[in-house]
Amino acid sequence: MKASVKEWLDFAGVDLLAAERLCIDEKLASVVCFHCQQCVEKSLKALLESKDIIPPKTHDLIRIYGMIEGQFDIEEDMLASLNGLYIDSRYPAAFGLLPHGKPAIEDAIKFFEFARELHQRISDQLKK
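The sequence shown: position 98 = 99 (our numbering), numbered continuously.
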């Protein structure tokens, strides 16, 4: 595995660990969502890097995934939901987040499970 790929995966792993540790507090649900988005973004960028594609300087998960679509399957509805939370999770719920307002801990756990599974699948694929 190229050093740059490992670095992306390691950084993604740190975000995943942060999300996991923060899942215990309802007040931190939006922060968990932010770290889940970051984990997914960095994991996808590791996949791009492994294919010698320079990762774009964007946080847009849809755009990043579009660069490898068809080569790696993702639950696109979850990806789109998480994509919308990158900036929104950092501001009050009045600005729109999820259809029902700010993320609840149940939402955060759902996004954590998605990020964890995606990170693991990408890590496993890149270790082959």
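Ideal Cβ positions, reconstructed from N, Cα and C, are used throughout, including at glycine.
Buried versus exposed call for residue i [16 or more other C-beta atoms within 10 Å across all chains shown]
i	result
Q39	buried
I65	buried
L23	buried
Option nearest residue i by Cα separation, candidates the options
i	options	result
V32	D108, P56, Q121, K52	D108
I123	N84, S51, L83	S51
E70	D53, L49, I55	L49
Q72	D11, Q126, L17	Q126
Cβ-Cβ separation, residue j to residue i (assumed contact under 8 angstroms), whole Å
i	j	result
V6	A47	5 angstroms
F113	E8	Actually they do not touch by this definition, with Cβ atoms about 22 angstroms apart.
Pairwise C-alpha distance: residue j and residue i
i	j	result
A13	I63	17 angstroms
Q128	K103	The residue asked about is misnamed: residue 128 is Lys in this sequence, not Gln. Rounded to whole angstroms, K128 to K103 spans 37 angstroms at the Cα level.
F96	L80	With a pLDDT of 47 at F96, under the threshold of 50, the predicted position of this residue should be treated as unreliable, and no value is reported.
D61	N84	6 angstroms
I75	V41	11 angstroms
E27	I110	10 angstroms
Cutoff 8 angstroms: residue i Cβ touching any chain B Cβ
i	result
V33	Among the chains in the structure shown there is no chain B, since it carries only a single protein chain.
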